[in-house]
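Q:
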Amino acid sequence: MSTFSAIGEEREIDRDEYTPGVEPQPTWCPGCGDFSVLKALKQALPEVGRTPEETLLCTGIGCSGKLNSYLDTYGFHTIHGRSLPVARAAKLANPDLEVIAAGGDGDGYGIGGNHFVHTARENHDMTYIVFNNEIFGLTKGQTSPTSPKGHKSKTQPSGSAKEPIKPLSMSLNAGASYVARTAAVNPNQAKEIITEAIEHDGFAHVDFLTQCPTWNKDARQYVPYIDVNESDDYEFDKTDRVEAAEMMRETEESLYEGEVLTGRFYVDEERPSYGAEKQAIGEMPDEPLAERYWDDDYEWERSHDMFLDKHA
Amino acid sequence: MTDDELIWRISGGSGDGIASTSQNFAKALMRSGLNVFTHRHYPSRIRGGHTYTEVRASADPVESRGDGYNFLLALGDSFARNPQEEAVYGNEEIKPLSENLDELREGGVIVYDEGLLDASEIPNFDERVEENDWHVFPLDLRGLARDQGREVMRNTAGVGATCALTGMDLDHVQDLMRDAMPEKILEPNLEILQIAYDQVREEYDVDAPDVSVPTGEHDETQLLMSGSDAISYGAIDEGCRFIAGYPMTPWTEVFTIMTQNLPKLGGISEQVEDEIAAAALAVGASHAGVKAMSGSSGGGFALMSEPLGLAEMTETPVVLVEAMRAGPSTGMPTKPEQSDLEHVLYTSQGDSQRVVLAPGTVEEAYEQSRLAFRLAYEYQIPSILLYDQKLGGEMKNVPKSHFDREPNPTLGKTLSEDALADEPHSADGKFHRFQHDVEDGVSPRSIPGQKGGRFLATGNEHDPTGHIAESPDNRVAQIDRRTQKLEAIRDDLDEEDTGSYAGPEDAEYGILTFGSQQGTVEEAVGRLNDAGISVKSYGVSDMLPFPTEQVEAFVASVDEVLVVEMTASGQFRGLVQKNLGRYGEKLSSLLKYNGNPFEPAEIVDGFEAAVVEGDGDASGHQTTFVPAAGD
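One line per chain: the protein sequences are A and B, in this order.
This note's numbering applies: residue 583 is where the first sequence begins, and numbers increase by one.
This note's numbering applies: residue 201 is where the second sequence begins, and numbers increase by one.
If you want it as structure tokens, here you go:
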């Protein structure tokens with residue numbers, strides 16, 4: 583029996599396999615957009631052919647972090663903002679795993695903003711879903727990095743004086759090779775985009791607009807959205823950085839004022855993933871490092887044989 | 201210790217090749233059969249400024265820097281004075297000569313580069329030379345090297361002069377140069393070495409050298425190795441193949457050595473955006489089934505507090521190394537201190553569980569690096585290897601046989617897929633990653649990608665399957681089990697017996713210390729016993745779990761105990777008292793926190809002042825060592 587025989591297993595996968603058997607109902611509020619992310623993942627993973635046991639889902643803290651409790655894969659519910667460094671190391675240690683990271687807008691763009699930029703820069707082969715509801719939900723309604731300017735909350739009583747983060751432009755500029763935005767109110771598009779993101783060989787960033795019916799009733803994410811890939815009004819080449827950047831600028835401005843634009847904004851199929859780059863320069867083994875610890879025939883090198891002569 | 205020793209100090213500006221020259225010279229001395237020990241002192245700047253390295257060589261084993269030194273090679277700071285333009289753009293150009301004189305022993309030798317240094321700039325130089333019976337050799341090392349085409353090779357000229365004045369054969373230096381230098385620069389260096397050697401022997405009467413190189417002989421192959429080397433090789437031999445880090449002095453040394461070697465071994469090194477990420481990467485890699493480490497120095501380790509707690513709660517094995525330097529905050533980046541002890545013991549919130557080991561010597565650095573990995577993976581707990589800038593940077597000779605041990609790549613209690621398929625791991629269709637009832641508290645784990653081992657790791661309190669749970673019974677069961685592991689580790693460490701004892705067992709007095717001061721304390725203990733004072737020492741290397749029984753037995757067996765450490769607040773003494781709960785009246789402290797490690801004589805003097813000459817009632821008083829002027 584192979585050590586990691588769940589990896590690459592080809593079989594019919596039932597969506598219910600991802601549902602924990604004895605878990606209580608999700609603690610998300612009725613009408614929460616997070617249910618849509620859960621549903622999209624449950625649809626996408628079997629479609630891509632990834633089993634629960636070859637999937638590692640890493641989350642941060644907050645309502646989004648609870649995803650781990652409701653999607654029954656191998657999981658690592660980490661700490662606030664830190665899902666990405668944990669996820670990318672797991673991917674380097676065992677590139678055969680399907681690694682998915684998830685977080686919220688405070689978690690991913692605020693406290694974890696530095697990791698977000700650097701993970702995109704390195705273009706790790708993983709999917710990063712950010713539940714963007716423009717509010718801190720679990721701590722009961724504080725202004726978040728994506729809350730619009732002027733947003734009033736208990737912690738910004740006079741209305742926020744800050745411009746919101748532009749997450750799509752951020753990840754494009756940092757180096758992500760797949761950047762998309764979808765919304766909880768459109769489950770079909772969400773499923774398609776999540777499926778594509780998982781299949782993409784590189785860092786796939788999905789900004790997932792998830793309404794918060796309890797703390798952010800005013801968010802414009804409730805209004806009908808437009809899919810830029812399907813509307814004749816928004817013709818652009820999503821493989822062209824310049825056109826993609828311009829399109830992102832437009833959607834990130836209109837999110838708070840005009841129309842809510844979603845879709846695939848940038849797709850680069852050419853750029854190699856970080857793991858491939860590292861292998862190419864000889865800084866990463868061709869076989870998964872994690873496999874080596876289970877290979878009884880492998881001869882472990884010793885410093886005594888390899889390095890000590892230079893000290894003599 | 202013997203009087204027959206050479207302590208050679210080479211001084212110059214950072215970036216002038218002081219470190220590499222001293223390392224090569226130390227290796228040549230080692231190859232000639234001597235025991236060597238090096239001590240580094242350098243400023244936090246890239247080029248220029250006052251830096252020196254001491255190489256102590258003796259036929260007897262050496263485990264410490266000495267008291268002062270007896271041979272100064274002052275090369276000049278080429279970055280303070282621009283040699284091409286003769287322009288002075290620093291105010292430190294004379295420091296390589298002036299800054300070192302306070303510690304030069306009576307009868308010592310001074311060789312200085314008169315091409316770069318002007319002794320007349322030093323106040324009362326001639327008087328001091330006469331007073332101390334120093335032997336001064338002004339040599340135009342710079343001019344000599346320039347004549348051979350490469351001014352930077354004045355270091356080599358200085359080594360040639362050293363050999364001529366100490367009666368050392370050039371053979372070993374020449375052999376070493378052939379091994380260490382690329383073809384292109386080898387020939388001119390060999391020439392400069394010979395010319396400087398001949399010139400000194402012709403110009404000066406060197407038949408009866410005032411300071412000589414002793415002779416010695418080793419039975420077996422010796423290696424010149426630093427604490428940072430030893431930590432790295434220990435990790436590699438224990439199967440570590442993943443490291444993530446962010447540069448910070450002095451931890452960078454381990455990070456660099458690992459990074460240079462891991463790819464050759466099919467391993468992975470990642471330089472990442474910050475220390476939070478670095479430690480989180482190590483946790484992620486370990487979760488995925490690889491032996492992983494990270495590390496930093498004080499300020500960077502502060503950032504690792506979060507992932508450290510995550511590793512504890514998720515019981516993910518990981519090794520973090522902490523290379524202490526003087527703090528708080530940025531402190532003194534290149535100067536040693538031991539004042540991060542409480543930081544690593546207590547950082548991170550909650551009732552947390554970890555292992556903290558503090559090696560005392562280069563040999564122990566290798567052993568305890570291996571031990572840190574073994575404990576982390578066997579007990580699924582983070583281990584911290586705590587050392588300091590002194591131990592990381594000092595080099596000494598160690599027999600090659602010390603490293604001739606089998607590798608240990610085992611992952612501890614990690615289940616195969618066959619085992620995962622068996623009961624009771626698959627009870628109620630779920631893998632119970634965090635079972636309550638397991639002997640020694642260690643619940644077997646699975647690795648993502650394995651069939652039948654699916655579980656959730658979370659920093660929240662969780663039930664046996666890993667899911668978030670806050671019931672009182674579960675909370676108590678989980679925290680009790682995690683704590684239980686520490687008891688098992690304490691028993692394990694008792695077997696290992698990692699402390700270091702010196703001096704007669706039935707001694708009247710005792711000295712307790714930890715970490716890098718151990719060798720210096722042991723040398724001081726030897727001298728005190730030679731002087732008729734009955735004293736023994738115990739270098740404690742397990743900080744957590746603490747070897748309470750052993751330390752209690754040691755303290756109980758003597759009348760008084762001096763606790764020696766490089767902190768201002770007596771952190772180690774506090775740890776001893778916390779664990780012993782009594783005997784506090786027997787302890788007094790000798791503290792040093794001026795950026796330099798102890799010299800043996802300071803411990804001898806401090807011991808005599810605090811314990812022997814004390815009024816017989818040293819009850820709880822704290823003797824703070826007041827550093828000498830200019831130290």
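Even glycine gets a Cβ: it sits at the ideal position worked out from N, Cα and C.
In this text the structure is predicted, and so the values were computed from the model without any measurement.
Skipping 5 residues on each side, what residues in its chain have a beta carbon closer than 7 angstroms to that of B:Gly830?
A: Unreliable positioning characterises B:Gly830 in this predicted model, as indicated by a pLDDT of 39, which lies under 50. A coordinate reading is not provided.
Q: Using a Cβ-Cβ cut-off of 8 angstroms, state whether A:Arg593 counts as contacting chain B.
A: Cβ-Cβ to chain B under 8 angstroms: no for A:Arg593.
Q: Starting from B:Gln580, find everything on chain A with Cβ-Cβ shorter than 8 angstroms and list it in chain order.
A: Within chain A, no residue comes near B:Gln580; the closest Cβ sits about 15 angstroms away, beyond 8 angstroms.
Q: Which runs of the beta strand (DSSP E) fall wholly inside the segment 224–307 of chain B and span at least 3 residues, in chain order?
A: Qualifying beta strand (DSSP E) stretches, in chain order: 235–241, 248–258, 269–276.
Q: Taking its Cβ as the centre, do 16 or more other Cβ atoms sit within 10 Å of B:Ile436, making it buried, or is it exposed?
A: Buried, since its Cβ has 16 or more Cβ neighbours within 10 Å.
Q: Relative to the alpha-carbon of A:Thr796, which residue among A:Arg831, A:Gln607, A:Glu869, A:Gly613 has its alpha-carbon at the smallest distance?
A: It is A:Gly613.
Q: Would you identify the three-state DSSP class for A:Asp815, choosing helix, strand or coil?
A: Looking at A:Asp815 - three-state DSSP - the assignment turns out to be coil, as it is neither helix nor strand.
Q: With DSSP as the reference, identify every bridge partner of A:Gly685, one or two as the case may be.
A: Per DSSP, A:Val712.
Q: Counting only Cβ pairs nearer than 8 angstroms, list the residues of chain B close to A:Ala672.
A: Going along chain B in sequence order, the residues near A:Ala672 (Cβ under 8 angstroms) are Gly484, Ala485, His487, Ala488, Pro648.
Q: Residues of chain A with a CB under 7 angstroms from the CB of B:Tyr433: which are they?
A: Simply Ser885, Phe889.
Q: Excluding sequence positions up to five away, which residues of its chain have a Cβ less than 7 angstroms from the Cβ of B:Met595?
A: Only Gln223, Ala226, Thr238, Leu424, Met425, Ser426 meet the Cβ criterion.
Q: If you compare alpha carbons, which of B:Ile392, B:Val764, B:Gly484, B:Leu297 is closest to B:Tyr271?
A: As written in the sequence, residue 271 of chain B is Phe, which differs from the Tyr given in the question. The residue with the shortest Cα to Cα distance from B:Phe271 is B:Leu297.
Q: Can you tell me the Cα-Cα spacing of B:Ile218 and B:Pro528, whole angstroms?
A: So the two alpha carbons sit approximately 29 angstroms from each other.
Q: Does the distance from the CB of A:Val668 to the CB of B:Gly484 come in under 8 angstroms?
A: Yes; because the gap between Cβ atoms is below 8 angstroms, this pair is in contact.
Q: For B:Met201 and B:Asp730, I'd like the C-alpha separation in whole angstroms.
A: Note on B:Met201: pLDDT 34, under 50, position unreliable in the model; the coordinate value appears next. Looking at the two C-alpha atoms, the distance is approximately 11 angstroms.
Q: Note down, in chain order, each residue of its chain lying with its Cβ closer than 6 angstroms to the Cβ of B:Asn660, except the 5 sequence neighbours on either side.
A: The answer, listed in chain order, is Ile668.
Q: Distance, Cα to Cα, A:Ser618 vs A:Arg763?
A: About 14 angstroms.
Q: Can you list the residues of chain A that B:Ile395 reaches, using a CB-CB cut of under 9 angstroms?
A: Those within 9 angstroms of B:Ile395 in chain A number zero; the least Cβ separation is about 28 angstroms.
Q: Less than 8 angstroms between C-beta atoms, sequence neighbours within five positions excluded: which residues of the same chain meet that for A:Tyr804?
A: Only Val767, Gln793 meet the Cβ criterion.
Q: Alpha carbons only, please: which of A:Ala588, A:Val681, A:Leu720 is nearest the one belonging to A:Thr609?
A: If we check each option's Cα against that of A:Thr609, A:Leu720 comes out closest.
Q: Along the chain, where does the beta strand (DSSP E) containing A:Gly657 start, and where does it finish?
A: Unbroken beta strand (DSSP E) run through A:Gly657: 656–659.
Q: For the segment 342–391 of chain B, which segments carrying the alpha helix (DSSP H) assignment without a break, of at least 4 residues, lie completely within its bounds, in sequence order?
A: Listed in chain order, they are 354–366, 371–380.
Q: As a quick exercise: from B:Thr610, B:Ala572, B:Asp267, pick the residue whose alpha carbon is nearest that of A:Trp882.
A: Of the candidates B:Thr610, B:Ala572, B:Asp267, the one whose C-alpha sits nearest the C-alpha of A:Trp882 is B:Thr610.
Q: Does the distance from the CB of B:Pro582 to the CB of B:Ala657 come in under 8 angstroms?
A: Going by C-beta atoms, B:Pro582 is not nearer than 8 angstroms to B:Ala657.
Q: With DSSP run on the structure shown, which of helix, strand or coil describes A:Gln738?
A: Residue state, collapsed to three classes: strand.
Q: How about A:Glu629 and A:Ala588: are their beta carbons less than 8 angstroms apart?
A: Not in contact: A:Glu629 and A:Ala588 (Cβ atoms no closer than 8 angstroms).
Q: Between the segment 434–452 of chain B and chain A, which residues of the former have CB atoms less than 7 angstroms from a CB of the latter, in chain order?
A: Those residues of the segment 434–452 of chain B that come within reach of chain A (Cβ to Cβ, closer than 7 angstroms) are Ile436, Asp437, Gly439, Arg441, Phe442, Ala444.
Q: Is there a Cβ of chain A sitting closer than 8 angstroms to that of B:Thr221, yes or no?
A: No - not a single Cβ of chain A is within 8 angstroms of the one on B:Thr221.
Q: Taking the beta strand (DSSP E) that B:Val483 belongs to, which residues open and close that run?
A: Taken as a continuous stretch (DSSP letters only), B:Val483 belongs to no beta strand (DSSP E), being part of the alpha helix (DSSP H) at 475–487.
Q: Okay, do the segment 637–656 of chain B and the segment 682–695 of chain B touch, 3+ Cβ pairs below 8 angstroms being the bar?
A: With the cut-off at 8 angstroms, the segment 637–656 of chain B and the segment 682–695 of chain B touch.
Q: Looking at chain A, is there any beta carbon in it that lies within less than 8 angstroms of the beta carbon of B:Asp604?
A: Interface residue, yes.
Q: Near A:Tyr807, which residues of its chain fall below 6 angstroms by C-beta distance, leaving aside the five closest residues on each side in sequence?
A: Once the five neighbours on either side are set aside, the close Cβ partners of A:Tyr807 are Ala765, Val842, Thr844.
Q: Between which two residues does the beta strand (DSSP E) carrying B:Asn729 extend?
A: First-last for B:Asn729: 718–730, but that is the alpha helix (DSSP H), not the beta strand (DSSP E).
Q: Could you tell me whether the Cβ of B:Thr415 comes closer than 8 angstroms to any Cβ of chain A?
A: Chain A contact via Cβ: absent.
Q: With contact counted as at least three CB pairs below 8 angstroms, one residue from each stretch, are the segment 688–701 of chain A and the segment 659–677 of chain A in contact?
A: Result yes; three or more Cβ-Cβ pairs closer than 8 angstroms.
Q: Please compile the residues from chain A whose C-beta is within a distance smaller than 9 angstroms of the C-beta of B:Glu617.
A: What B:Glu617 touches in chain A: Met583, Ser584, Thr585, Phe586, Ser587, Ala588.
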